[in-house]
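Q:
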Amino acid sequence: MCAGQAVKPGRDENIRYRIWRTTMKIVIAPDSFKDSLSAQAVADAIASGLAEVWPHAELIKCPMADGGEGTIEALLAACNGELMSARVNGPLGQPVEAQWGWLAESRTAIIEMAMASGLQLLTLEQRDACVTSTAGTGQLILAALDAGARRIILAIGGSATNDGG
Numbered sequence: 001m002c003a004g005q006a007v008k009p010g011r012d013e014n015i016r017y018r019i020w021r022t023t024m025k026i027v028i029a030p031d032s033f034k035d036s037l038s039a040q041a042v043a044d045a046i047a048s049g050l051a052e053v054w055p056h057a058e059l060i061k062c063p064m065a066d067g068g069e070g071t072i073e074a075l076l077a078a079c080n081g082e083l084m085s086a087r088v089n090g091p092l093g094q095p096v097e098a099q100w101g102w103l104a105e106s107r108t109a110i111i112e113m114a115m116a117s118g119l120q121l122l123t124l125e126q127r128d129a130c131v132t133s134t135a136g137t138g139q140l141i142l143a144a145l146d147a148g149a150r151r152i153i154l155a156i157g158g159s160a161t162n163d164g165g
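Just so we're aligned: 20 in full-length UniProt numbering is position 20 of the sequence shown, and the numbers increase by one with no gaps anywhere.
(1) Could you give the first and the last residue of the continuous beta strand (DSSP E) run that contains T108?
(2) Alpha carbon to alpha carbon, what distance is there between V42 and residue 180?
(3) Nearest by alpha-carbon distance to A47: which of L37, M64, P91, I28 is it?
(4) Where does G49 land, buried or exposed, given buried means 16+ other C-beta within 10 angstroms?
(5) Once DSSP output is grouped into helix, strand and coil, what is the label at V131?
(6) Residue range of the beta strand (DSSP E) that residue 168 falls in?
(7) Grouping DSSP H, G and I as helix and E and B as strand, with all else coil, what is A144?
(8) In whole angstroms, give me the CA-to-CA distance for T123 and Q40.
(9) Compute the Euclidean distance between the alpha carbons of T71 and W54, then round it to the nearest angstrom.
(10) What is the DSSP secondary structure of E52, reduced to helix, strand or coil?
(11) Taking its Cβ as the centre, do 16 or more other Cβ atoms sit within 10 Å of G148, making it buried, or is it exposed?
(12) Kindly confirm or deny that the segment 87–106 and the segment 62–70 touch, where touching means at least three C-beta pairs closer than 8 Å.
(13) Which same chain residues end up closer than 6 Å to residue 182 when comparing Cβ atoms and leaving out the 5 residues on each side of it in sequence?
(14) So what does DSSP say about A74, is it helix, strand or coil?
(15) I26: which of H56, K34, A116 sits nearest, CA to CA?
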C-alpha cells in the first residue's frame, strides 16, 4: 500500500457501518405467558431489555394472542377499543364479572370464552369438563347484542368446558 492511499473498508466493516447508521426497527410480537404475564407485559419487558442494548432502535410493540387468554387485550390495543363488562355465570354457574371488548365504530364485540367459561375461574379440583358449562359465554354474547353489536369475534381458547357450545 502506498502512503496516502485510503484503506478500502472490508465487507464486514461496511455491514457494521450501515447497521450503525441505520435506525433499526424491531417488531416485538409476543403472546402471553400462561398464568404469569399478559402479552402487553411481555412486550414491555422485551422492549425494556432491547432499549438498553439498542437505545436508538425503533421498537414496535404488537402484543399478540392465539384466541385464548389475552385476546381481548391484544385486539383492543391494536384497534383502540373499549373494555366492557357484564355479570354472567361462570363455568360452574357461579357469578363472575366478565370483560369483553367493544369496537364502537364497527359495532364489533370481542368475546373471549375464557372470561366467562375459562379454566382460570376454577381451582384444579373443580376442573371437570363433564359438569362445566359455556352458559356465561352465551350471556356475554347477549350483552354484546344488547349493546348493539352487529359483528362478534369469539375467541374460544382457554375454555374449561367440552359441551359443544
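Cβ coordinates follow ideal geometry from the N, Cα and C atoms, glycine included.
These figures come from a predicted structure and were not determined experimentally.
A: Based on what the coordinates show:
(1) 108–112
(2) No answer is possible for residue 180: it lies beyond the span of the chain, which begins at 1 and ends at 165.
(3) I28
(4) With fewer than 16 other Cβ atoms within 10 Å, it is exposed.
(5) coil
(6) The question about residue 168 has no answer, for the chain in this structure spans 1 to 165.
(7) helix
(8) 25 Å
(9) 29 Å
(10) helix
(11) exposed
(12) no
(13) Coverage of the chain is limited to positions 1 through 165, which leaves residue 182 absent and any answer about it impossible.
(14) Looking at A74 - three-state DSSP - the assignment turns out to be helix.
(15) H56
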